[in-house]
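See structure below.
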Amino acid sequence: MIKKIAIAVVSAMMMLAMPAKANVDAFATCMVDSLNGKERKQLAQWVYFAIAAHPEMAPFAKVTDKDRLASDKVMGDLVNRLLIEDCSEELVVAFNQNPLAVNQAFEFVGKVAMQELMTNPEVMATISNYAEHLDQEKLNGLLSGQ
């Protein structure tokens, strides 16, 4: 009997989580659909500038304070528009069901923004350059069970 109750409770919890996820998905989709290609690139640039501030990355990036400030302004304006104008209804519904909805939605938006950059042929070529240094023979042997 206890097992049946436990299963019922877990099932009910899963059913309750489904609309919450659907609302987060609707919010994330609204934000992505509200971005154009240029804005996705601006978002990816802002992420790049933030990563470039890391002490171990800073020597490899030439991002000035002026660049960061300009990017922060663009991001602030963009996020204001997304949250207050374009997707305000979806935001309220998702946030009321899950306070982490904004974080989860922006994770999705960030992935889409990075995909925008990854479709560039130069980026794809550069990101696959490491493969020239792989030990293909050992990898093939490992994967074939030899």
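Counting from 1, position 22 in the sequence shown corresponds to residue 975 in the working numbering; the numbering is continuous, with no gaps.
The beta-carbon is built from N, C-alpha and C at its ideal position, and this holds for glycine as well.
Leaving aside the five residues before and after residue i along the sequence, list all residues of the same chain whose C-beta is less than 8 Å from its C-beta, in chain order.
i     : result
G990  : E1069
E992  : L1031
D1020 : F1002
Exposed or buried, which one is residue i when buried takes at least 16 other CB atoms within 10 Å?
i     : result
M966  : Legend: pLDDT at M966 = 43, less than 50; position of this residue unreliable, value from coordinates given subsequently. By the 10 Å Cβ count, M966 comes out exposed.
A1066 : buried
M1010 : exposed
Q995  : buried
M1071 : exposed
Enumerate in chain order the residues of its own chain whose CB-to-CB distance from residue i is below 6 Å, with the five nearest sequence positions on each side excluded.
i     : result
A1047 : N976, V977, F980 and A1054
DSSP three-state label for residue i, please.
i     : result
M1028 : helix
A1011 : helix
A965  : Note that A965 scores a pLDDT of 44, beneath 50, so its modelled location is shaky; the value from the coordinates is reported in the next line. Three-state DSSP puts A965 in a helix.
L1087 : coil
L1053 : coil
V1016 : coil
Provide the residue span of the alpha helix (DSSP H) that contains residue i, from first to last.
i     : result
N1073 : Here N1073 belongs to no alpha helix (DSSP H), and DSSP marks it neither H nor E.
E992  : G990 to A1005
N1049 : S1041 to Q1050
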